[in-house]
Amino acid sequence: MQHLDITVISQAISWLKQQPVWLCTVLNTYGSSPRSPGALLAATRSGDYCGSLSGGCVEEDFLRRVAAGEYQAASQVIRYGEGGLEPNVALPCGGVLDVLIEYLPAGDDNISYLTKIAGALDGHHALVKRLVLPDACHSLELTGFASATQVERHGQQITLNIAAAPRLLIAGLSSVALYCADFASSLGFDVLVCENRPEALDNFAPQLRPGVTLLRQFPAKFIEDGGCHANTAIVALTHDPRMDDLTLMEAIHTPAFYIGAMGSLRNSARRRQRLQQIAEFSPQELERIHAPIGLPLGSKTPAEIALAVMADIVQQKNRTAARPFSPEELRVPGAEAPDAAPPAH
0 MQHLDITVIS
10 QAISWLKQQP
20 VWLCTVLNTY
30 GSSPRSPGAL
40 LAATRSGDYC
50 GSLSGGCVEE
60 DFLRRVAAGE
70 YQAASQVIRY
80 GEGGLEPNVA
90 LPCGGVLDVL
100 IEYLPAGDDN
110 ISYLTKIAGA
120 LDGHHALVKR
130 LVLPDACHSL
140 ELTGFASATQ
150 VERHGQQITL
160 NIAAAPRLLI
170 AGLSSVALYC
180 ADFASSLGFD
190 VLVCENRPEA
200 LDNFAPQLRP
210 GVTLLRQFPA
220 KFIEDGGCHA
230 NTAIVALTHD
240 PRMDDLTLME
250 AIHTPAFYIG
260 AMGSLRNSAR
270 RRQRLQQIAE
280 FSPQELERIH
290 APIGLPLGSK
300 TPAEIALAVM
310 ADIVQQKNRT
320 AARPFSPEEL
330 RVPGAEAPDA
340 APPAH
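Following numbering that gives the first Met the number 0, the numbering of the sequence shown begins with 0 at its first residue and continues without gaps.
Structure, rendered in structure tokens:
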């Protein structure tokens, strides 16, 4: 879903060069609904659209209303489903959707506005977006990473926390890695697995669940090339010192909120010593590494170890989200003046 949202914003930016765009965001869902809060759709008056509000249930009605000249206010909220638009547009699944509609005239100001949102969805930073109906968005501010897009509504005031979905980067395939990938996918993480060892690929790659991205390359190289944002957890799960150590050496230079490596207390102590001697890690850098990895659950099986790992990652993610970020942490390249509000539409 996160990749779809980036596609929606990118297409809207392209359209804004020549024509106005209606940007829709699902605010709330009640009952059965195929899209979650934060889901996006962008549309033009000619009927072109990208994204989805309901998986096809209401898009036709929305596009018809846009073509008829409705939704000209800078921002408004409409409801689909019971108690919504008249004549009532029912969702076959029986759910109810509240949708924020922003009318964005063509031009550079709104292109800049959506470019900043695209940066948040792509993991470069996280934003708090604020608006008061029926006016245009008046504030985009940098904030700490929490999780995927979150929505709050109090009367006419709407606040959206916009960020990339949390990412799990698994360095190397193993039986524990397979369970971690499964658990992380279920928890809403964007899961990437880096593996270039032929024997590991032959043994484990066919068992990866759909939706997990397999990158056939050395994990340290992927990290070095900028594959991690601040909402990323990096875990080395191979027991291969060369792969695990090099992963940690690169991971320490990223803003990842979690860095961990599998191993016993003895092996973890030896790894710390190697990293201190070879990579000259400082005590503060070594402190960032969770090793032995995971919460102390007394885990024995690969599934139990993976559960302990993901529990530790989720705990750290939520703890990181709860604390305020310093100005230095929020100073993100390419996100200058994020609090500049777009003009009234």
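We put the beta carbon where it would ideally sit given N, CA and C, even for glycine.
All values derive from a computational prediction rather than experimental measurement.
* Skipping 5 residues on each side, what residues in its chain have a beta carbon closer than 6 Å to that of Ala119? -> Ala125, Leu126, Ile161 and Ala162
**OP:** Would you please state the rounded distance, in angstroms, between the beta carbons of Ala170 and Asp244? I believe it to be under 8 Å.
**Re:** Wrong, their Cβ atoms sit about 10 Å apart, outside the cutoff.
Check your understanding: By the 10 Å Cβ neighbour count, where 16 or more other Cβ atoms means buried, how is Gly143 classified, buried or exposed?
Key -> buried
Q. What does DSSP give as the partner residues of His362 in its beta bridges?
A. What is shown of the chain runs 0 to 344, which leaves residue 362 out entirely.
Can you give me the Cβ contacts of Thr158 inside the same chain, cut-off strictly under 8 Å, excluding the 5 residues immediately before and after it?
Val127, Lys128, Arg129, Val150, Glu151 and Arg152
Item checked: Residues that DSSP places opposite Tyr102 in a beta bridge -> Trp21
Beta-bridge pairing of Thr114 - partner residues as DSSP gives them: For Thr114, which the question treats as bridged, DSSP gives no partner whatsoever.
Burial state of Lys299, where buried means 16 or more other Cβ atoms lie within 10 Å | exposed
Can you give me the Cβ contacts of Val308 inside the same chain, cut-off strictly under 6 Å, excluding the 5 residues immediately before and after it?
-> Cys179, Ile292 and Gly293
Review point. Rounded C-beta distance between Cys23 and Leu141? I'm assuming under 8 Å.
Key: Not confirmed; about 24 Å, so no contact.
Checklist line | Residues of its chain near Leu167, where Cβ-Cβ distance is below 6 Å and the 5 sequence neighbours each way are ignored | finding: Ala183, Phe188, Val190 and Ala232
Q) Is there contact here, the region 282-292 with the region 247-262, by at least three beta-carbon pairs under 8 Å? A) yes
Q: Give the DSSP-derived three-state secondary structure of Phe182 in the structure shown.
A: helix
**Message:** Using DSSP's beta-bridge definition, name the partner residues of Tyr79.
**Reply:** Leu96
Taking one C-beta from the region 194-208 and one from the region 222-232 each time, how about it: are there three or more such pairs within less than 8 Å?
no
ask   = On the three-state DSSP scale, how would you describe Glu69?
value = coil
task = Give every residue of the same chain whose Cβ lies closer than 8 Å to the Cβ of Leu52, excluding the five residues on either side of it in the sequence, and list them in chain order.
result = Cys23, Val25, Arg34, Ala38, Leu40, Glu58, Phe61, Tyr79, Leu96 and Val98
**Reduced DSSP category for Ala347 - H, G, I as helix; E, B as strand; rest coil** = The first residue shown for the chain is 0 and the last is 344, placing residue 347 beyond what the model contains.
| Cα-Cα separation, Ile116 to Asp4 | 10 Å
Span separating the alpha-carbon of Asn266 from that of Cys227:
26 Å
Opening and closing residue of the alpha helix (DSSP H) in which Ser267 lies:
Leu264 to Ile277
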